[in-house]
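In our numbering, the protein residues as written are 18 to 272.
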């Protein structure tokens with residue numbers, strides 16, 4: 018049984034790529050056709066790739082590692098935060114700070130600073146400080162929370178990173194590749210699939226598409242943690258042929 022169905026992908030608009038003039042030729046293998054100047058992604062391949070990404074994500078967590086969810090573009094922020102929190106994984110939904118992975122020791126020191134300020138507020142230390150200093154500390158805490166709250170409990174480098182839009186998150190991609198951290202990513206028609214270890218061909222600009230695909234990775238994490246099948250997708254049919262593609266195109270044209 019596939020972890021995701023063609024119907025789910027179509028309803029979320031996962032099949033819509035970018036304009037044909039904005040594409041990466043390396044994505045040709047994942048493109049089904051072109052309609053009205055827009056590339057249409059081959060969802061049969063997406064179904065298979067989601068399965069591969071799901072199984073990999075599950076294995077990472079089963080081995081006791083974490084998966085860092087990353088998506089800082091507006092369309093991805095809420096979904097990344099919600100799905101990462103749902104499965105208890107770290108996330109970056111605001112700006113990726115350069116060195117988050119490659120200079121993790123420094124990032125941890127900033128998280129320690131955040132905890133220290135929070136402790137000062139809780140134990141009454143603020144009461145003995147000048148009002149101006151308290152205001153500065155509160156501003157510093159807010160700034161640190163904005164960028165570090167999603168990774169404050171990540172005590173070591175993740176076993177993998179799930180990313181939305183490898184072009185947007187090119188710094189995160191470069192850091193992960195430099196450190197040999199596997200990447201799972203939603204890869205649109207304008208991106209380079211060679212940068213991602215587990216490619217999920219799909220629309221990285223539609224909120225519903227990002228939510229659906231991020232949710233499946235979160236489901237894999239939860240399944241690994243609980244040993245339960247988080248799956249309500251339709252069974253995959255290995256013998257689906259032209260009829261499946263025809264149905265896909267009919268829905269594409271209606272959309």
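Beta carbons: idealized from backbone N, C-alpha and C, even for Gly. Here the structure is a predicted model, which means the values were calculated and not measured.
Check, Outcome
"Per-residue burial, residue 246 [other beta carbons within 10 Å of its own, 16 or more giving buried]", "Note that residue 246 scores a pLDDT of 47, beneath 50, so its modelled location is shaky; the value from the coordinates is reported in the next line. Classification of residue 246: exposed, given that the 10 Å Cβ count is below 16."
"Contact set for residue 235: own chain, Cβ-Cβ below 6 Å, skip 5 residues either direction", "100, 103 and 104"
"Collapsed DSSP secondary structure at residue 201 in the structure displayed", "strand"
"Exposure label - residue 271; buried when at least 16 CB within 10 Å", "Residue placement at residue 271 is flagged as unreliable, the pLDDT there being 44, under the threshold of 50; the coordinate-derived value follows with that caveat. Under this definition residue 271 is an exposed residue."
"Own chain, CB closer than 7 Å to residue 56, minus 5 neighbours either side, in chain order", "34, 35, 37, 40, 48 and 206"
"Alpha-carbon spacing of residue 76 relative to residue 158, whole angstroms", "36 Å"
"From 117, 113, 221 and 192, residue whose alpha carbon lies closest to that of residue 89", "113"
"Closest Cα partner of residue 119 within the set 21, 221, 95 and 190", "190"
"Buried versus exposed call for residue 29 [16 or more other C-beta atoms within 10 Å across all chains shown]", "buried"
"Neighbourhood of residue 297 by C-beta, 6 Å cutoff - its chain only, sequence neighbours within 5 removed", "One cannot answer for residue 297 here, as it falls past the ends of the chain, which runs 18 to 272."
"Segments of 3+ residues assigned as beta strand (DSSP E) that fall wholly inside the region 177-244", "177-181, 200-204 and 215-218"
"Of the residues 95, 72, 46 and 124, the one placed nearest residue 19, counting alpha carbons only", "72"
"Residue 150 versus 134, 199 and 233, residue with shortest Cα-Cα distance", "134"
"Collapsed DSSP secondary structure at residue 34 in the structure displayed", "strand"
"Where the alpha helix (DSSP H) containing residue 47 begins and where it ends", "Note, residue 47: premise wrong, no alpha helix (DSSP H); not H, not E."
"Residue range of the unbroken alpha helix (DSSP H) whose run includes residue 84", "Run containing residue 84: none in the alpha helix (DSSP H); it sits in the beta strand (DSSP E), 84-87."
"Enclosing beta strand (DSSP E) for residue 55 [first to last residue]", "55-58"
"Residue 52 (DSSP reduced to helix, strand or coil)", "strand"
"For residue 84 and residue 221, the rounded distance between their alpha carbons", "19 Å"
"Host alpha helix (DSSP H) of residue 140 (start-end)", "First-last for residue 140: undefined, no H or E at that position."
"Alpha carbon of residue 137 to alpha carbon of residue 145, nearest angstrom", "10 Å"
"Residue from 81, 108, 171 and 91 with nearest C-alpha to residue 129", "171"
"Cβ neighbour criterion (16 or more within 10 Å) applied to residue 8", "Residue 8 falls outside the range modelled here, since the chain spans only 18 to 272, and no answer is possible."
"Separation of residue 78 from residue 125, as counted between CA atoms", "22 Å"
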